[in-house]
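In terms of full-length UniProt numbering, the sequence shown opens at residue 1 and continues consecutively. C-beta: ideal position from N, C-alpha, C; glycine also.
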Amino acid sequence: MKFISLTTTVIMSAAVLSGIVTVQGSNPNGMPCAHNGEYECGTLAGYNNGNQFLFYCSESNMVEVAGDCGCKTCCSILDGGNTGSCIINPFRPSHLT
């Protein structure tokens with residue numbers, strides 16, 4: 001009986017943890033970031049169909065999404081992190097900031 005109970009507990013714990021990761025992965029806002037005071041590009045499984053997104057890293061090192069890009073490689077940081085954009089056409093950037 002103890003073996004079955006322990007197995008059930010482990011399975012239930014794994015299911016709960018899996019749910020937490022899925023919920024956190026669905027929205028990057030509030031997640032930690034590296035370069036405070038700068039714009040960055042990122043990807044996150046389960047968010048924006050796997051495409052890049054542009055975000056601002058707040059002074060407290062937290063992600064604030066500025067915009068979702070429409071492809072996996074079209075986010076670009078400009079002016080040393082002071083601004084960024086999602087390039088729709090290489091000759092006509094669409095600035096989000």
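Cross-strand partners of residue 57 (DSSP beta bridge) = 38 and 63
ask   = Can residue 56 and residue 28 be called in contact, C-beta distance under 8 Å?
value = no
key: Residue range of the beta strand (DSSP E) that includes residue 74   = No beta strand (DSSP E) contains residue 74, which DSSP labels as neither H nor E.
Supposed contact pair residue 67 and residue 54 - C-beta distance, whole angstroms, cut 8 Å = 5 Å
query = In the DSSP assignment, what residue or residues form a beta bridge with residue 32?
reply = 62
query = Can you tell me the Cα-Cα spacing of residue 26 and residue 44, whole angstroms?
reply = 8 Å
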